[in-house]
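In structure tokens form, the structure reads like this:
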């Protein structure tokens with residue numbers, strides 16, 4: 001199936017909330033995430049809140065020929081992962097399971113303008129080889145390990161300079 005890359009603009013994102021939730025629920029239901037559907041709702045609501053609060057919110061999206069959302073990435077400058085210094089944070093990278101393994105995630109990753117920029121970038125993901133190895137191939141290195149409050153799994157913070 002073919003796709004095109006576009007942008008999910010902050011002002012358009014709320015109108016696609018249900019579609020974003022459905023996509024996240026599909027993508028995070030399986031390994032390695034095994035998230036319940038409520039996790040997708042929380043993810044999307046956090047994303048929409050960030051889109052409204054961060055002026056440098058970026059969200060490249062992969063769209064099918066019919067305009068259906070096949071995947072998206074999202075990021076913005078924040079201090080949450082760095083502990084104080086502003087850094088671009090890759091907050092989400094989501095691809096529908098039927099479209100995984102075809103380079104779509106890499107295309108979305110690379111479409112984030114701030115990642116291609118000159119400043120540091122951070123992300124946090126599950127501490128599992130499936131994810132950490134993928135990001136390492138894309139130029140990221142582990143800089144910290146964490147277990148966020150109320151989480152039962154370990155995460156890594158990765159940096160790309």
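In full-length UniProt numbering, the protein residues as written are 1 to 161. Ideal Cβ placement from N, Cα and C applies to all residues, glycine included. Because the structure is a prediction, the values reported are computed rather than measured.
Pairing residue 8 with residue 74 gives a Cβ-Cβ distance under 9 Å.
Assigned with DSSP and collapsed to three states, residue 11 falls in coil, not helix or strand. If you draw a straight line from the Cα of residue 93 to the Cα of residue 36, it comes to about 18 Å. Residue 72 is positioned such that its CB atom lies no closer than 9 Å to that of residue 85. Residue state for residue 4 is assigned as strand, using DSSP reduced to three classes. According to the DSSP secondary-structure assignment, residue 144 is paired through a beta bridge with 157. Excluding five sequence positions before and after residue 155, the CB atoms of its chain that fall closer than 8 Å to its own CB belong to 124, 125, 126, 127, 145, 146, 147, 148, given in chain order. Between the C-alpha atoms of residue 61 and residue 89 there is a straight-line separation of about 17 Å.
If you compare the alpha carbons of 130, 159, 129 with that of residue 142, the shortest gap goes to 159.
Judged by beta-carbon spacing, residue 51 lies within the 9 Å limit of residue 10, meaning their Cβ atoms are closer than that value. Counted as a single uninterrupted DSSP element, the beta strand (DSSP E) harbouring residue 62 occupies residues 60 to 63.
Sequence-distant Cβ neighbours of residue 157 in its own chain, meaning closer than 8 Å and more than five residues away, are 81, 122, 123, 124, 142, 143, 144, 145, 146.
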